[in-house]
Amino acid sequence: MIYTVTLNPAVDLVLSLDALKQGEVNRVNTENVVIGGKGINVSLLLKALHTESTALGFVSGFTGALIRDGMREKGINTDFIELDAGFTRINVKLHAEEETEINGSGPSIPKDKLELFFAQLKALKSGDTLVVSGSVPRSLPSDIYAQIASAAADRGVRLAVDAAGELLRSTLPYKPFLVKPNREELGALFGEKAETDEDILRLAEKLQALGAQHVLVSMAGDGALLKTRDGRIYKAPAAKGQVVNSVGAGDSMVGGFLAALERGEDLPEALALGTASGGATAFSVGIADYEKIMEIYNTVNSGVYCIE
Ligand SMILES: Nc1ncnc2c1ncn2[C@@H]1O[C@H](COP(=O)(O)OP(=O)(O)OP(=O)(O)O)[C@@H](O)[C@H]1O
Ligand SMILES: [Mg+2]
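The sequence shown begins at 7 in this note's numbering and counts up by one.
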């Protein structure tokens with residue numbers, strides 16, 4: 007089973023206006039409510055690829071209910087921990103002449119609820135996969151990613167990490183199965199430039215020296231590079247299409263990659279399905295559906311090649 011963790015989910019209120027005028031009453035052209043959070047996006051993408059997952063994390067209030075019910079309606083297992091106070095945050099996305107975001111901070115998570123979460127992790131078994139991604143609410147300890155990674159390592163659970171900076175670094179001693187930085191995150195982690203394939207592969211090797219097993223580096227419109235734990239390097243071309251909204255492309259890549267492995271496919275195929283899923287989401291309004299991913303998959307798959 008694949009488990010995804012979203013510590014700080016969100017409900018996005020996406021409003022489009024012709025112009026945004028501060029200090030005045032503004033009227034919207036379109037309004038949409040979208041459930042989100044990086045782990046939730048991974049679960050949505052897995053569902054699109056008919057792969058089962060269980061979404062973990064913390065929800066509360068009416069917005070938490072919206073997320074839980076929305077996931078269940080789509081047939082995704084959830085085992086969210088309900089908080090007694092506050093409400094799951096609302097992020098307001100204003101699309102006018104420019105894009106403006108106002109993100110909520112989310113409810114605080116008390117110690118007893120955090121203990122419940124770690125009790126859930128104890129039920130995971132060897133061979134399960136745990137995906138941790140996204141930001142950490144202020145109320146949680148800053149070493150929460152390391153604690154999660156340690157719990158996964160103790161149980162022989164494959165850990166996939168999609169996070170930046172210290173959050174990612176703190177998991178490395180626990181030998182995560184997969185890490186998926188994008189180019190900027192990879193460069194920032196080591197304070198070096200990550201522009202050419204050579205730069206990226208050198209930094210991927212550094213990540214492996216620190217403990218990462220497979221390193222998957224997403225490069226937006228330039229595709230992706232995979233350095234496997236046995237030292238092989240594969241490159242996937244980006245899918246070709248019209249970008250609609252690239253939010254969630256990275257989450258979709260993680261989902262597609264893991265879905266392929268769950269089906270017993272090999273690493274180059276996982277790279278291809280991850281890359282196709284990321285592209286398909288970039289070309290969709292929300293997280294991509296099955297048809298969109300498969301439309302792209304064959305062309306990406308035939309373009310994957312082994313550098314080394
Ligand atoms: N413009 C694009 N054209 C084609 N494919 C894209 C495009 N943007 C993203 N993708 C695909 O999705 C993958 C992940 O995208 P990206 O590198 O932007 O991830 P990210 O920065 O982690 O995104 P996020 O964190 O917002 O979900 C890329 O490796 C690529 O395969
Ligand atoms: Mg990302």
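The beta carbon of each residue, even a glycine, is placed where N, CA and C say it ideally should be.
Remember, predicted model here, so these are calculated numbers, not experimental data.
In this structure, Ala218 has its CB at a distance of at least 7 Å from all heavy atoms of ligand 1. Relative to Glu105, the option among Thr135, Ser176 and Asp24 whose CA is nearest is Asp24. Within the region 47-113, the complete beta strand (DSSP E) segments at least 3 residues long are 59-65, 95-101 and 105-109, listed from N- to C-terminus. By the criterion of a C-beta distance shorter than 6 Å, Ile150 is surrounded in its chain by Val142, once the five residues flanking it on both sides are discounted. Burial state of Asp168 is buried, judged by a 10 Å Cβ sphere holding 16 or more other Cβ atoms. Given a length threshold of 4 residues, each whole run of the alpha helix (DSSP H) inside the region 139-222 is given here in chain order: 150-160, 171-177, 189-196 and 203-215. Under the Cβ criterion (8 Å, minimum of three pairs), the region 32-40 does not count as touching the region 58-65. For Asp18, the beta-bridge partners assigned by DSSP are Val40 and Asn97. If you check the C-beta of Ala157 against ligand 1, you find no heavy atom less than 7 Å away. Taking Gly112 as the centre and dropping the five residues before and after it, the same chain places the C-beta of Asn14, Arg95 and Pro143 closer than 6 Å to its C-beta, in chain order. Ile299 carries a helical assignment under DSSP once its states are collapsed to helix, strand and coil.
Per the CB criterion, closer than 6 Å to any heavy atom of ligand 1, the qualifying residues run in chain order as Asn188, Ser224, Met225, Ala226, Gly227, Gly229, Ala230, Ala244, Ala245, Val249, Ser252, Val253, Gly254, Ala255, Gly256, Asp257, Met259, Thr281, Gly284, Gly285 and Ala288.
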